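Counting from 1, position 285 in the sequence shown corresponds to residue 906 in this note's numbering; the numbering is continuous, with no gaps.
Cβ atoms here follow ideal geometry from the backbone N, Cα and C, with glycine treated the same way.
These numbers were taken from a predicted model, which means no experiment stands behind them.
Contents: one structure, followed by commentary.
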Amino acid sequence: MARQLRCPTFWCRVEVPEFTNSTNSRPSGIQINQGYRQAMQRVNSIRGCWALLWLLCFSLQAAEVQQASFDGQTLRLTTDEGLVTLTAYQNSVFEVLYQPEGETPLPSFAISEKARKANASYQEMTEYLLLTNSGLTAKIQKSPLQISYYRDDQLLLAEEKGAFAKQTLRGFRFRLQEQEKLLGGGQRVMGMDRRGQRLPLYNRAHYGYGTESTQMYYSLPMVLSSQHYMLAFDNTASGHLDLGHNEADILQFEAAAGRLAYLIAAGDDFPQLLEHFTAVTGRQPMPPRWALGNYASRFGYHTEVETRRVVEMFKADDIPLDAVVLDLYWFGKDIKGMMGNLDWDKEAFPQPEKMIADFAASGVKTILITEPFVLTTSGKWQDAVNAGALAENLAGQPKRFDFYFGNTGLIDVFDPKAQDWFWQTYSKLLGQGVGGWWGDLGEPEVHPADTLHRLADGRQVSADEIHNAYGHQWAKMLFERHRQARPTERPFIMMRSGFVGSQRYGMIPWTGDVSRAWDGLKPQVELSLSMGLQGLAYTHSDLGGFAGGEQFDAELYTRWLQYGVFQPVYRPHAQEHIAPEPVFHDDTTKAIVRDFIKLRYALLPYNYSLSYLNSQNGMPLMRPLFMESGDLSQFNNTSSYLWGDAFLVTPVVEPGVKQVEVALPHGVWFDYFSGQRYAGNQRIQLTTSMHTLPVLVRAGAFVPMVSPPATTQDYDSSELVLHYYADQAVSEGRGFMYDDDGKTFDAVAKKQYELLHFSAQQQGTKLSMQLKREAYQYQGMPTSRKIQMQIHNWSANPLSVQLNGYALPMAANQGKFDALEQGAWRDGDTLRIKFDWVLPVHQLNIQ
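Written out as structure tokens, the structure reads:
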């Protein structure tokens, strides 16, 4: 006899036969996830009918709202199929969580621990409900349940039929608008607009990739729309993100299991949208200042003697250096069989603590690679087994499997006791003076589906259900434990895989094992721009390329390292058969690269200020042209990008290039190297050579710089070179500079920083400038600054230059200018002015 029952997933009813609780009655050959296993455990008390319903639910029928309750921040909807909650977060963000009846959802990984809920307004109508949060309104149709989202009465996005949950598939469907463009899915090489693509959501290494990659190290179940909304699915399981591929007007998220939840954020423009989204998913804490310096890195340094020699070569060649990165040879002489030792190979590194201390004394930090795999042949295997630190198999034993490096187990970073065991290694190394952590292979690179992980609440989940959060959880462990051990210190955590919101744990991702070829260089702008718009603003590449390459290509190497000046992290890294460090190359290559690395160090005040801005509002360091202007015709432009507000950069990604085409945004632009002026809103051909990179500076921009130090340890902003790019067509200019001690965690909240504000107004040949200082107190803060102002594009001798109403002396030549304490001198098309910045506000007037 058949009876009609409701399936305890969303919105399906099925006719099922009665059956007895015998093993023969269960469909065979069906793999069930943790949610199904929980349901199966209930069959002993309820004759197994619910368990069978989980497995036989094949048709969808939308739910109906039966009851609604609102507490000022969260709207709870009781439906005939389960519970739906909409929670308002600041600002213009909703979390939407669907809870199938009888299911306990996994915890959120996307929402920051510091996210603040918002007060929302609520209205109940006859056929629908309205929930409004700072301009974002959710319109909830009661029967059938369907949620649409509006901003200022404009439709942004609408669920097609809400959530779906099936035997091995769950997710959401949304309707797309006809001209809508979609960016997202994490790391991919397929163009910025990914509308029409079907993207696998499973973090996976792609060794030696070039100009195409549909699946890489860092997938993200999220999109940014040209309609000014962001949609992120808070689900860590393997799955797919279909952006109108199978059905042109449908965005479909599919996962094998996991949390049925999403975040939707809205904004008036792209910067505000990203600000709202990162307020909930978390913002990148400021890295230590040294993280913006130059790194010595390769796969890898085999001995202490070799490592010391390389660091000394940088000093001897007058190339600034702030960090040395040790790959896996620090714990073993062979590539295979050693992973998991995680302790110094004392034959190769006999005095590691002294080496680290010597490097630190000269301003060079030591960064060590670690991996989450413990080989059965390593010295730590039995210790890890005894501590219960390894993920388990279905029999409750440590899960063992083979991969490239040997037979291994995987540290269960989700399990608190495994974290305790893993942190012992880091704690010891931290005490030895290690300055930063490099987490490799953290997708994890090999992650068998029958691996089980234990969450903090005691639940066990399968690998596929939690795979995409492994690197995220690893970074969280490192960040939080490091913070506990060194509360005032900024952790440095470099990893290649994570999840939505991993930036809040200080994660610095890179783009993996890119091909050492022109095809490897070409997609790097796209990767960094797209990841920056998804919250991961420090995404960068192995400069020079990592994988392969038969012979050294000086042109490719030079062009890649020139581009690196204007990407978030400057770290050449490669397989060692071709040296990634400039000190090993010919004099011409070395000289060009040296000049660009010194430019990177001269720009420290500007670059560090970009880091501050990112930590405050989520603004990326690298920005696509459409982000500022809103010009969607530039949505796919990855040839050029903005480095902060001031610079427009066009990397050279082909051999033999003498000029590049640049699409100029509005305004006026100057060639950084030649000073040539260009009017905006046009396409130009910009000449370049091996000694220059196509870089333009915006008229009205302030660029603070310093004399390049040998290391950021020697950074000194008490003598500041402040560049201003003047033009009679640009009436106003603004800029700022952030400064602190470069190492204190959360210096802004502690009021241990200062902000320098710059503004300019120009009418014809009259230029008025104001410099304002907003200072608190921090160690090493200058009490005054010597300023050398360089006003570019100034071709006439000024009648007067006044500082705070007092006329400054005009010098006839450089010698006389150098002899002045304060004064002015026109050097060609540049007006140079020097003075002491002592007062909180200085006014400069030029006529």
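Select from the options the residue whose C-alpha is nearest the C-alpha of residue i.
i, options, result
"G1449", "E868, D1085, R1080, S1295", "S1295"
"N1014", "V1082, D955, P973", "V1082"
"L718", "G783, K738, D773", "G783"
"G1277", "T1308, V686, A1350", "T1308"
"A1320", "D1335, H1287, T1313, Q1334", "H1287"
"G1356", "M1390, E781, A1368", "M1390"
"F1043", "A1008, V1067, G1057, G1063", "A1008"
"A1481", "Q711, F994, Q1183", "The structure shown does not extend to residue 1481, since the chain is modelled only from 622 through 1468, so no value can be given for it."
"Y1359", "G1385, S1328, M1402", "M1402"
"G879", "D1085, P973, V926", "D1085"
"I956", "E927, M837, F920, A937", "F920"
"G1165", "I1467, L1154, L1177, E1171", "L1177"
"G1141", "S1048, G1170, V1067", "G1170"
"E968", "V926, V1324, Q1423, W1059", "V926"
"Q1423", "L1388, Q1384, L1465", "L1465"
"I990", "T835, S983, D948", "D948"
"K1371", "Q1398, L1388, A1381, E1353", "Q1398"
So, helix, strand or coil for residue i, using DSSP?
i, result
"L1242", "coil"
"M746", "coil"
"I768", "strand"
"T899", "helix"
"R791", "strand"
"D1208", "helix"
"L1285", "coil"
"Q1040", "helix"
"P1144", "coil"
"E801", "coil"
"L1469", "With the chain covering only 622 through 1468, there is no way to say anything about residue 1469."
"E1171", "coil"
"F970", "coil"
"L1452", "strand"
"R929", "helix"
"D1367", "coil"
"I956", "coil"
"L776", "strand"
Count the other CB atoms within 10 Å of the CB of residue i; is the residue buried (16 or more) or exposed (fewer)?
i, result
"V1459", "exposed"
"S1339", "exposed"
"R1304", "exposed"
"R930", "exposed"
"M746", "exposed"
"N962", "buried"
"E868", "exposed"
"L776", "exposed"
"S1328", "exposed"
"K1020", "buried"
"P1315", "buried"
"T899", "buried"
"N665", "With a pLDDT of 34 at N665, under the threshold of 50, the modelled position of that residue is not reliable, and the figure given next carries that caveat. Classification for N665: exposed."
"N824", "buried"
"D863", "buried"
Excluding sequence positions up to five away, which residues of its chain have a Cβ less than 7 Å from the Cβ of residue i?
i, result
"A759", "L707, F715, L752, I768, Y770"
"H861", "R819, L820, P821, L822, E875"
"P1430", "L1441, G1444"
"T1179", "T1210, I1213, V1214, M1311"
"P909", "R1111, F1113, G1363, K1364"
"L1224", "M1326"
Taking residue i and residue j to be in contact with their CB atoms under 8 Å, please state how far apart those CB atoms are, rounded to whole angstroms.
i, j, result
"F970", "M959", "Contact doesn't hold; Cβ gap of about 13 Å is too wide."
"P1130", "M1152", "7 Å"
"L1242", "A1158", "6 Å"
"R901", "Y710", "Per the sequence presented here, residue 901 reads as Val, with Arg not at that position. Indeed they touch by this definition, with Cβ atoms about 5 Å apart."
Skipping 5 residues on each side, what residues in its chain have a beta carbon closer than 6 Å to that of residue i?
i, result
"H1413", "Y1346, T1451"
"L913", "N1228"
"R1221", "V1186, Y1191"
"R1447", "N1418"
"H1378", "F1357, K1393"
"Y743", "F691, L752"
Comparing the CB of residue i with every heavy atom of the ligand GDP, is any distance shorter than 6 Å?
i, result
"R796", "The ligand GDP is absent from the structure shown, which contains no ligands of any kind."
For residue i, collect the residues of the same chain with a Cβ closer than 8 Å to its Cβ; drop the 5 residues on either side in sequence, then sort them by chain order.
i, result
"D1134", "A826, H827, Y828, G829, Y830, D1163, F1167, A1168"
"Y749", "K760, I761, Q762, K763"
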